[in-house]
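Single-structure report; data block below.
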Amino acid sequence: MAGMRLTVIGCSGSFPGPDSPASCYLLEADGFRLVMDMGNGALGVLQRHAELFGIDAICVSHLHGDHCIDLSSYWIARQYAPDGSRPPIPVYGPQGTAARVAGFCAEDVASIRARFEVHDLEPGSREIGPFRVTADRMNHPVETFGFRVEHAGWKLAYSADTGETDALVRLAEGVDVLLSEASFQDGPGNPPDVHLTARQAGEHATRAGARQLVLTHLVPWYDRERSLAEAAESYCGPLLAANTAMVIGPGTAG
Ligand SMILES: [Zn+2]
Numbered sequence: 001m002a003g004m005r006l007t008v009i010g011c012s013g014s015f016p017g018p019d020s021p022a023s024c025y026l027l028e029a030d031g032f033r034l035v036m037d038m039g040n041g042a043l044g045v046l047q048r049h050a051e052l053f054g055i056d057a058i059c060v061s062h063l064h065g066d067h068c069i070d071l072s073s074y075w076i077a078r079q080y081a082p083d084g085s086r087p088p089i090p091v092y093g094p095q096g097t098a099a100r101v102a103g104f105c106a107e108d109v110a111s112i113r114a115r116f117e118v119h120d121l122e123p124g125s126r127e128i129g130p131f132r133v134t135a136d137r138m139n140h141p142v143e144t145f146g147f148r149v150e151h152a153g154w155k156l157a158y159s160a161d162t163g164e165t166d167a168l169v170r171l172a173e174g175v176d177v178l179l180s181e182a183s184f185q186d187g188p189g190n191p192p193d194v195h196l197t198a199r200q201a202g203e204h205a206t207r208a209g210a211r212q213l214v215l216t217h218l219v220p221w222y223d224r225e226r227s228l229a230e231a232a233e234s235y236c237g238p239l240l241a242a243n244t245a246m247v248i249g250p251g252t253a254g
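Per the working numbering, the sequence shown starts with residue 1, numbered consecutively.
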């Protein structure tokens, strides 16, 4: 495989839609598989693109169910595999991730930690397999991390869930692809500091100098074409709306 590859597993915002699970992205490079977020229904579709136990690490942006609830499904798979429980794999998430999964599973935290080696995220960079992953806090009602992922000179940023924030512009500076949430559309009544409109996603991409913008976390009750049209008014580069099974990486951008 030449370089890194991101496969969109789930891009439906806030809850799963008819055509996509909630948030989940598979990143692959050098035979290593990193999953970012694991929302409702993600584990099912993920198995179309990776072996059930072929995942090497997981990053969780925040503890809203539409970004992490299928960690509980994956814990069950690793715990109760008929040929034996699987060893713990690294899970990077906000403080409280193990307790959150324990709650979903109605298990104790020690049982969760027997399958998931949970690390608390902090702003900053770390190596996860072949990837350099930089996390920073986004603007959302619970502690939420956006990610910048770099491999062999190719750069991707993922907004997770966020309202407007300079931190996203910094994370996405000069990236090849900004995968940005666009939960809202123009109009009155959008609450501040929760989500971006598609137009605001475009503004962040423009300010960051991102070479391509992919809208994601698209909520099923909104029209995708309208979101694309609104983003196109504030971002003039290549622009797409995410679909499940979409592949992003060197050679596919633009
Ligand atoms: Zn959220």
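Each residue gets a CB set at the ideal place from its N, CA and C atoms; glycine is no exception.
Determine which residues share a DSSP beta bridge with residue i and list them.
| i | result |
| --- | --- |
| Cys59 | Met36, Tyr92 |
| His151 | Trp154 |
| Tyr25 | Val8, Met36 |
| Leu240 | Val214 |
| Gly124 | Ala135 |
| Leu179 | Tyr158, Val214 |
| Glu117 | Pro90 |
| Val101 | In the DSSP output, where bridge partners are listed per residue, Val101 has none listed. |
Considering only their Cβ atoms, is the gap separating residue j from residue i smaller than 9 Å?
| i | j | result |
| --- | --- | --- |
| Ala135 | Leu121 | yes |
| Arg132 | Gly146 | no |
| Val60 | Thr97 | yes |
| Asp56 | Arg33 | yes |
| Thr197 | Gln185 | yes |
| Ile69 | Met38 | yes |
| His217 | Asp161 | yes |
| Asp193 | Pro123 | no |
| Tyr235 | Gly202 | yes |
| Phe174 | Ala208 | The sequence shown places Gly at residue 174, not Phe. Cβ distance < 9 Å, so Gly174 and Ala208 count as in contact. |
| Gly153 | Ala205 | no |
Given that a residue counts as buried once 16 or more other Cβ atoms are within 10 Å of its Cβ, and exposed if not, what is residue i?
| i | result |
| --- | --- |
| Phe53 | exposed |
| Ser125 | exposed |
| Met1 | For Met1, the predicted structure reports a pLDDT of 48, less than 50, and the residue's modelled location is therefore unreliable. A value from the coordinates is still provided. Flag for Met1 reads exposed. |
| Asp176 | buried |
| Ala106 | exposed |
| Pro94 | buried |
| Ser12 | buried |
| Gly41 | buried |
| Tyr158 | buried |
| Gly254 | Residue confidence is low: Gly254 scores 44 on pLDDT, short of 50, so the model does not pin down where it sits. Its coordinate-derived value is still stated next. Burial call: exposed. |
| Pro191 | exposed |
| Pro87 | exposed |
| Ser85 | exposed |
| Pro80 | In the sequence under discussion, the amino acid at residue 80 is Tyr, which differs from the Pro named in the question. That one is exposed. |
| Ala172 | buried |
| Ala245 | exposed |
Can you give the Cα-Cα distance for residue i and residue j, rounded to whole angstroms?
| i | j | result |
| --- | --- | --- |
| Ser23 | Ala182 | 12 Å |
| Val214 | Leu178 | 6 Å |
| Ala232 | Leu239 | 7 Å |
| Arg115 | Gly10 | 23 Å |
| Thr252 | Ser14 | 27 Å |
| Asp83 | Glu51 | 15 Å |
| Ala29 | Met4 | 5 Å |
| Val101 | Val91 | 11 Å |
| Ala77 | Gln47 | 12 Å |
| Val149 | His64 | 22 Å |
| Ile58 | Ile248 | 18 Å |
| Ala229 | Ala242 | 14 Å |
| Ser73 | Tyr222 | 28 Å |
| Gly189 | Gln200 | 15 Å |
| Val109 | His62 | 18 Å |
| Pro250 | His119 | 29 Å |
| His49 | Val219 | 23 Å |
| Glu127 | His151 | 10 Å |
| Ser227 | Ile112 | 39 Å |
Q | Any residue whose CB is nearer than 5 Å to a heavy atom belonging to ligand 1, listed in chain order | A | His64, Asp161
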